[in-house]
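A.B. asks:
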Amino acid sequence: MTKGEAVEYVKVCTAFGPGFFYIPGSDTCLRIGSEFRIDYRIYGGGKFNRDDNRTAFNTQARVWFDARTETEYGLLRSYFQINADSNTATRVNGTEQRNRFTIDKAFIQFGGLTAGYAHSFFGFYDNDYGNTIFGPYYAQSNTVNLIAYTAQFGGGFSATLSIEDGRDHRQNDVFAYQGGQQVPDVVGVLRLDQEWGTVALQAAAHQFRSASRYDNGTPDDPADDVALRHQNKWGYAIGGDVLIKIPQLQDGHLVIEGQYADGALDYLGADNLYALRSQDFYYRNGFSRLEAGKGWSITAELGGNFTPQWGFNIVPSYIDTRYDGAGINGQDLKAKEYAITGNLTYMIVKGLSVTGEVSYIRSEFDRELGNETFADVRPKEKLNSVVGGIRIKRMF
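Just so it is clear: in the sequence shown, position 226 is 229 by the working numbering, and no numbers are missing.
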């Protein structure tokens with residue numbers, strides 16, 4: 004470069020908050036962020052055998068790009084985040100699986116439209132399982148493929164209609180005989196945002212369909228194709244949430260989330276169950292018909308920073324699922340799990356923190372079924388588990 008040569012420097016963009024800059028030669032503002040998480044955890048209680056790990060390591064790197072442009076029709080935004088994980092080695096089909104890359108989010112927003120791979124609009128509070136690290140969080144936390152529109156009515160009131168990929172909301176364990184998707188899930192949200200906090204109501208409709216037990220529509224036993232006839236049914240979920248800000252604490256908050264589901268257990272956060280299993284539907288013995296699983300869950304979180312360096316979160320959670328009859332594919336007729344998680348975070352310097360966390364989980368199986376009838380019922384079982392660990396996090 005010679006003296007006096009013109010240079011186009013990167014310019015700071017202040018329209019969308021700190022960290023944004025103008026992409027040279029455009030009116031688009033871009034923010035690039037990254038986060039590194041190093042976790043170590045220890046498991047106690049419960050049931051362990053010689054093949055189970057009692058300790059585990061995980062390292063995760065996250066990178067995201069947030070591009071925003073103001074247009075005459077409103078804000079145009081695109082967001083992309085990719086995660087890279089290195090886990091304690093596990094074996095899949097004889098091959099060690101240590102490292103993997105996943106797309107965490109990838110969506111476009113334009114005015115009130117959101118389209119792409121984003122957090123389900125049924126989920127309320129935190130897109131990242133609340134503020135717990137290892138403990139379960141019984142609320143909707145899925146990232147799903149969707150297309151949604153949010154209408155703003157003023158005064159903080161808004162309404163959202165979201166069409167979401169039902170396959171991302173399936174909750175099926177053991178032999179679920181799940182058929183292909185015919186109709187996507189429909190999610191509706193009413194939300195009120197105020198200075199003191201937020202209130203939201205959600206509802207979702209979810210179709211579940213049966214298919215043949217075996218591949219290519221040919222059962223090993225032809226009688227099964229009669230007993231397990233194909234059916235289409237609808238499930239649903241409803242939820243209510245409240246966020247109360249606590250101004251006495253930096254980022255102080257109290258969040259309560261409650262959900263009920265019939266044939267749509269994923270909306271309860273059932274995928275986060277620590278020791279239990281659940282599914283949207285089952286075949287009921289003696290009736291040759293499809294039956295829906297039911298349940299409810301509730302989660303609360305109290306947290307904030309009581310000094311600039313020290314923060315905390317306390318998260319109690321409860322989930323209860325049930326099935327009203329004996330099923331041929333096996334499930335826990337009544338299963339419930341509750342957990343309480345507490346963590347403490349110390350900010351060493353700006354952008355570098357260490358968190359310690361401990362969770363206690365109580366899992367109860369009532370009248371657990373095998374694969375046949377009520378005669379195969381086994382006694383109640385109760386498990387007490389503890390998981391704890393530390394996380395070192397660098398964010399910039």
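Just so it is clear, CB atoms sit at the ideal spot from N, CA and C, and this is done for glycine as well. Keep in mind the model is a prediction, meaning the values are calculated, not measured.
So the beta strand (DSSP E) Ile-35 belongs to, where does it begin and stop?
C.D. replies: 32-48
A.B. asks: Which ranges would you report for the beta strand (DSSP E) in the segment 75-155 if only whole runs of at least 3 residues count?
C.D. replies: Correct list: 77-95, 98-113 and 116-122.
A.B. asks: Does DSSP put Arg-173 in a helix, in a strand, or in coil?
C.D. replies: coil
A.B. asks: Please say whether Glu-304 and Ile-136 have beta carbons closer to each other than 7 Å?
C.D. replies: Taking 7 Å as the Cβ cut-off, Ile-136 and Glu-304 do not qualify as a contacting pair.
A.B. asks: Taking Leu-204 as part of the beta strand (DSSP E), name the residues at either end of that continuous run.
C.D. replies: 200-212
A.B. asks: Taking DSSP as the reference, what is the three-state secondary structure of Val-389?
C.D. replies: strand
A.B. asks: Cutting at 6 Å between CB atoms, please list the residues of its own chain near Lys-6, excluding the five before and the five after it.
C.D. replies: Any answer about Lys-6 is weak, because its pLDDT of 47 lies below 50 and its placement is not dependable; what the coordinates show is given next. Cβ within range, chain order: n/a, list empty.
A.B. asks: Within its chain, find whatever has a CB closer than 6 Å to the CB of Gln-205; leave out the 5 residues flanking it on each side and keep chain order.
C.D. replies: Phe-125, Val-192 and Gly-242
A.B. asks: Consider the C-beta atom of Tyr-128 and the heavy atoms of the ligand SAM; say whether any pair is separated by less than 6 Å.
C.D. replies: The ligand SAM is not among the ligands present in this structure, which contains no ligands whatsoever.
A.B. asks: Please work out which residues of its chain come closer than 6 Å, Cβ to Cβ, to Asp-218, disregarding the five sequence neighbours upstream and downstream, and give them in chain order.
C.D. replies: Confidence in Asp-218 is poor, its pLDDT being 41 and thus under 50, which makes the residue's placement too unreliable to answer from.
A.B. asks: Under a three-way DSSP split, which group does Asp-269 fall into?
C.D. replies: helix
A.B. asks: What's the gap between the Cα of Ile-150 and the Cα of Gly-48?
C.D. replies: 43 Å
A.B. asks: Which first and last residues belong to the beta strand (DSSP E) in which Val-192 is found?
C.D. replies: 188-197
A.B. asks: Is the Cβ-Cβ distance between Val-190 and Ser-165 less than 7 Å?
C.D. replies: yes
A.B. asks: Do the CB positions of Lys-108 and Tyr-82 come within less than 7 Å of each other?
C.D. replies: yes
A.B. asks: Just the C-alpha distance for Cys-32 and Gly-77, rounded to the nearest angstrom, thanks.
C.D. replies: 14 Å
A.B. asks: Would you check if the distance between the CB atom of Ala-267 and the CB atom of Gly-238 is smaller than 7 Å?
C.D. replies: yes
A.B. asks: What are the boundary residues of the beta strand (DSSP E) that includes Pro-319?
C.D. replies: That run of the beta strand (DSSP E) goes 313-325.
A.B. asks: Do Asn-86 and Arg-101 have their C-beta atoms closer together than 7 Å?
C.D. replies: no
A.B. asks: Along the chain, where does the beta strand (DSSP E) containing Thr-302 start, and where does it finish?
C.D. replies: 297-308
A.B. asks: Do you know whose CA, among Asn-134, Thr-146 and Leu-79, lies nearest Thr-358's CA?
C.D. replies: It is Asn-134.
A.B. asks: Would you decide whether Thr-105 is buried or exposed? Buried here means 16 or more other CB atoms lie within 10 Å of its CB.
C.D. replies: Classification for Thr-105: exposed.
A.B. asks: Grouping DSSP H, G and I as helix and E and B as strand, with all else coil, what is Asp-274?
C.D. replies: helix
A.B. asks: Give me, in chain order, the residues of the same chain whose beta-carbon lies closer than 7 Å to that of Phe-110; leave out the 5 immediate sequence neighbours on both sides.
C.D. replies: Tyr-82, Thr-117, Ala-118, Gly-119, Tyr-120 and Ala-121
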